[in-house]
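Residue numbers (the working numbering): -19 to 317.
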């Protein structure tokens, strides 16, 4: 029966991802022949392109366990320092934030879900059949956050009476998962179209412990509510360094004593630089692009210390891709006073 189904699929495949490409993925990436059942399982996923198929195989536990030696470290330590202008005046900061807002409003109108997770499955043309999968991924990311809290002995009495601020909530991919664990969620974003979709989805889930707010100016970032936890994932890296510093500093200041922050950002990218004048002069040509920016680890640690926080963990992650000469980190920090 399985072989008969496989032959039928072979005769009608239109996608780049065929049974033969799946077999070769097993051979070249995992070093073995697949069973017919395994081939059918991948065909059932209907991957939109070969890039998605490759990502699935390289991210698989089987590949990571067998081929760890191929996954060399992203940085050697011989990389040069980055030239980054982080301190800017208030007027420039306003302009930076306005540019970010315009860019993400445009992305929110065109491809809101794809702008959050940039894979073909989440473009508007493919979203209907993948929407549930998109929001399920938020449950997994929230579960990772909760596990890090547990293993660092944070909130031993539980989360039922705790508040959390999510910065860059987007379309609510993770917001709904956080709302099922925390007493109250403050969900912030710069894009009105993203926030509208987040409200729509969380209303569908009948969640009434979420307050959404749009960031319109630097003042909104400096007037955050006091909370027990803050969470921001694949957000900070899309802001220029002066804005990353502003957001991170104020997120940490918003923590109550013994509160915990979980945040991710790009901390090194070989060849990256930032100059405020050059950036603003060319900003209009990038309003439809997803930008990637860097704040080095030494500055992150400095901001953590200035906010009277203690670093609990620093993880190397693959949220910005896993490329030589590039490093993304996830930080877990606790407010100590």
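Glycine included, every Cβ here is placed at the ideal spot set by N, Cα and C.
From residue 118 to residue 65, what distance separates their C-alpha atoms? Sequence index remark: in the chain shown, residue 118 carries index 138 (1-based). Sequence index remark: in the chain shown, residue 65 carries index 85 (1-based). Near 34 angstroms, if we compare the C-alpha coordinates of residue 65 and residue 118.
Are the CB atoms of residue 275 and residue 204 nearer to each other than 9 angstroms? Within the chain shown, residue 275 is the residue found at index 295, counting from 1. Within the chain shown, residue 204 is the residue found at index 224, counting from 1. Contact: no.
Enumerate in chain order the residues of its own chain whose CB-to-CB distance from residue 294 is below 6 angstroms, with the five nearest sequence positions on each side excluded. Numbered from its first residue, the chain shown carries residue 294 at position 314. If we look at residue 294 and ignore the five residues flanking it on each side, its Cβ neighbours are 309 and 311.
Beta-carbon spacing of residue 316, residue 290 below 9 angstroms: On the chain shown, position 336 is the one that residue 316 refers to. On the chain shown, position 310 is the one that residue 290 refers to. In contact: residue 316 and residue 290 (Cβ atoms closer than 9 angstroms).
Classify residue 154 as helix, strand or coil using the three-state DSSP reduction. Counting from 1 along the chain shown, the entry for residue 154 is found at position 174. Three-state DSSP puts residue 154 in coil, outside helix and strand.
Three-state class that DSSP yields for residue 289 in the structure shown: Position 309 of the chain shown holds residue 289. Correct three-state label for residue 289: strand.
The segment 260 to 278 in contact with the segment 239 to 249 per 3-pair CB rule at 8 angstroms: yes
Let me check understanding here. Comparing Cα to Cα, which of 241, 292 and 224 lies closest to residue 198? Numbered from its first residue, the chain shown carries residue 198 at position 218. Minimum Cα distance to residue 198 is reached at 224.
Taking C-alpha atoms, which residue in 256, 296 and 284 lies nearest to residue 69? Position 89 of the chain shown, counted from the start, is the residue given in the question as residue 69. If we check each option's Cα against that of residue 69, 256 comes out closest.
Opening and closing residue of the beta strand (DSSP E) in which residue 191 lies: In the chain shown, the residue the question calls residue 191 occupies position 211. Here the beta strand (DSSP E) through residue 191 covers 190 to 194.
With a CB to CB cut of under 8 angstroms and the five nearest residues on each side skipped, what residues in its chain are close to residue -12? To locate residue -12, count along the chain shown from 1; it is residue 8. Confidence in residue -12 is poor, its pLDDT being 45 and thus under 50, which makes the residue's placement too unreliable to answer from.
Could you pull out every residue in the same chain whose Cβ sits closer than 7 angstroms to the Cβ of residue 126, ignoring the five residues on either side in sequence? For the purposes of this step, residue 126 is taken as residue 146 along the chain shown, with counting starting at 1. Excluding sequence neighbours, residue 126 sits near 161.
What is the DSSP secondary structure of residue 179, counted as helix, strand or coil? Position 199 of the chain shown, counting from 1, holds the residue named residue 179. Residue 179: helix per DSSP, three-state reduction.
Could you tell me if residue 28 is buried or exposed, where buried requires 16 or more neighbouring beta carbons within 10 angstroms of its beta carbon? As a first step, residue 28 must be located in the chain shown, where it is residue number 48. By the neighbour-count rule (16 or more Cβ atoms within 10 Å), residue 28 is buried.
If you follow the alpha helix (DSSP H) that residue 75 is part of, which residue opens it and which one closes it? Within the chain shown, residue 75 is the residue found at index 95, counting from 1. 70 to 90 is the extent of the alpha helix (DSSP H) around residue 75.
Pick out whichever of 30, 11 and 3 has its Cα sitting closest to the Cα of residue 17. Residue mapping note: residue 17 aligns to position 37 of the chain shown, counting from 1. Here the closest residue by C-alpha is 3.
Is there contact here, the segment 136 to 156 with the segment 169 to 176, by at least three beta-carbon pairs under 8 angstroms? yes
Just the C-alpha distance for residue 41 and residue 67, rounded to the nearest angstrom, thanks. Locating residue 41 in the chain shown gives position 61, counting from the first residue. Locating residue 67 in the chain shown gives position 87, counting from the first residue. Distance between the alpha carbons of residue 41 and residue 67 is about 42 angstroms.
DSSP three-state label for residue 29, please. The residue you call residue 29 lines up with position 49 of the chain shown. Coil, per DSSP.
Would you identify the three-state DSSP class for residue 314, choosing helix, strand or coil? Translated into positions along the chain shown, residue 314 becomes position 334. Of the three classes helix, strand and coil, the one that applies to residue 314 here is strand, per DSSP.
Touch check for the segment 150 to 164 and the segment 127 to 135: three-plus C-beta pairs under 8 angstroms? no
Can you tell me whether residue 57 is buried or exposed? The criterion is at least 16 other CB atoms within 10 Å of its CB, across all chains shown. Position 77 of the chain shown holds residue 57. The residue is exposed, with fewer than 16 neighbouring Cβ atoms inside 10 Å.
Within a Cβ cutoff of 7 angstroms, which residues of the same chain sit near residue 227, ignoring the five residues on either side of it in sequence? Start at 1 with the first residue of the chain shown, and residue 227 comes out as number 247. Hits under 7 angstroms: 147, 201, 216 and 219.
Output the boundary residues of the beta strand (DSSP E) element that contains residue 223. Residue numbering aside, residue 223 sits at position 243 when the chain shown is read from its first letter. Note, residue 223: premise wrong, no beta strand (DSSP E); alpha helix (DSSP H) at 221 to 233.
Which of the three DSSP states is assigned to residue 270 in this structure? Position 290 of the chain shown, counted from the start, is the residue given in the question as residue 270. Three-state DSSP puts residue 270 in coil, outside helix and strand.
Is DSSP giving residue 249 helix, strand or coil here? The residue you call residue 249 lines up with position 269 of the chain shown. Correct three-state label for residue 249: strand.
Tell me which residues share the same chain as residue 206 and place their Cβ nearer than 7 angstroms to its Cβ, disregarding the 5 neighbours each side in the sequence. Here residue 206 refers to the residue found at position 226 when the chain shown is read from its first residue. The residues are 234 and 236.
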